[in-house]
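Residue numbers (the numbering used here): 12 to 262. From the three backbone atoms N, C-alpha and C, an ideal C-beta is built for every residue, glycine too. The structure appears right after this line, and notes come after that.
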Ligand SMILES: [Zn+2]
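Here it is, written out as structure tokens:
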């Protein structure tokens with residue numbers, strides 16, 4: 012199992028990070044990707060990845076505070092992208108629900124980061140909220156990059172739009188265990204482009220709802236997905252593991 016998206020850089024893991032990571036390894040999680048959302052959390056993601064085997068990082072500026080960022084922040088993200096254990100840019104994208112009302116500022120920040128990551132040929136982890144169509148049209152301009160639609164929460168209609176693009180990957184979080192619509196979308200998610208994640212400490216899956224989520228719980232996502240696809244757990248684990256290694260170049 013691979014957790015392609017977790018926030019072990021979140022203050023909620025400050026006091027027991029060693030235990031959380033050993034629990035994940037004991038549960039059979041082979042790799043975890045710690046995802047940044049601003050400069051500070053990106054630096055922290057890199058630090059954690061340097062400290063543990065099997066732990067990788069991505070770095071990037073989330074649209075939530077798009078108005079705040081300056082060129083210096085972009086330069087900082089670019090420096091961090093150069094680390095070997097940094098496997099991608101993210102999470103980046105557009106958020107019309109929580110993000111600043113100025114959509115153009117969000118788009119600008121998003122596109123300038125895509126232009127930077129292009130030079131390093133690393134994968135992009137997308138955060139999208141109420142902005143599917145705008146993100147979809149921007150990413151088509153970057154056909155040379157691989158994109159992960161993180162914590163996929165859209166309907167079958169949006170999933171169908173992604174199907175023709177070999178460079179688009181779909182990652183399911185705990186939502187697959189408690190949102191009917193997401194389950195429906197998973198039915199038609201391409202097997203060779205589907206990934207699993209926790210988005211911990213958020214979105215704990217059933218049967219852990221209400222608890223702090225952690226990478227070990229990615230098991231429940233793989234389990235749910237295997238049932239939806241009608242596969243044995245082991246088969247589903249292998250498929251999603253192989254996809255994650257391929258898209259992010261994990262060792
Ligand atoms: Zn996240």
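The beta carbon of residue 48 sits closer than 8 Å to at least one heavy atom of ligand 1. Within its own chain, the residues whose Cβ lies closer than 7 Å to the Cβ of residue 53, once the five positions on either side in sequence are excluded, are 47, 70, 71, 88, 91, listed in chain order.
Contact check for residue 146 and residue 104: beta-carbon distance about 6 Å, within the 8 Å limit, so the pair qualifies. Between ligand 1 and residue 162, a heavy atom-to-CB distance of less than 8 Å is present. Judged by DSSP secondary structure, residue 238 falls within the alpha helix (DSSP H) whose first and last residues are 229 to 240. Annotation: the continuous beta strand (DSSP E) that includes residue 183 extends over 179 to 183. If one requires a minimum length of 3 residues, the beta strand (DSSP E) runs lying completely within the stretch 104 to 157 are 134 to 140, in chain order.
Annotation for residue 251: the continuous alpha helix (DSSP H) segment containing it runs 244 to 259.
A heavy atom of ligand 1 is found nearer than 8 Å to the CB of residue 210. With a cutoff of 9 Å on beta-carbon distance, residue 185 and residue 231 are scored as near each other. Between ligand 1 and the CB of residue 131, the shortest heavy atom gap is not smaller than 8 Å. Under the three-state reduction of DSSP, residue 14 is assigned to strand. Distances taken from the Cβ of residue 225 to the heavy atoms of ligand 1 include none shorter than 8 Å. DSSP places residue 170 inside the alpha helix (DSSP H), whose first and last residues are 167 to 173. For residue 72, there is no enclosing beta strand (DSSP E), as DSSP marks it with neither H nor E. Judged by DSSP secondary structure, residue 215 falls outside any beta strand (DSSP E); it is assigned neither H nor E.
Annotated as distal: residue 258 and residue 165, with beta-carbon spacing of 9 Å or more. Residue burial annotation: residue 67 is buried, with at least 16 other C-beta atoms found within 10 angstroms of its C-beta. Cα atoms of residue 246 and residue 237: separation of roughly 8 Å, rounded to the nearest angstrom.
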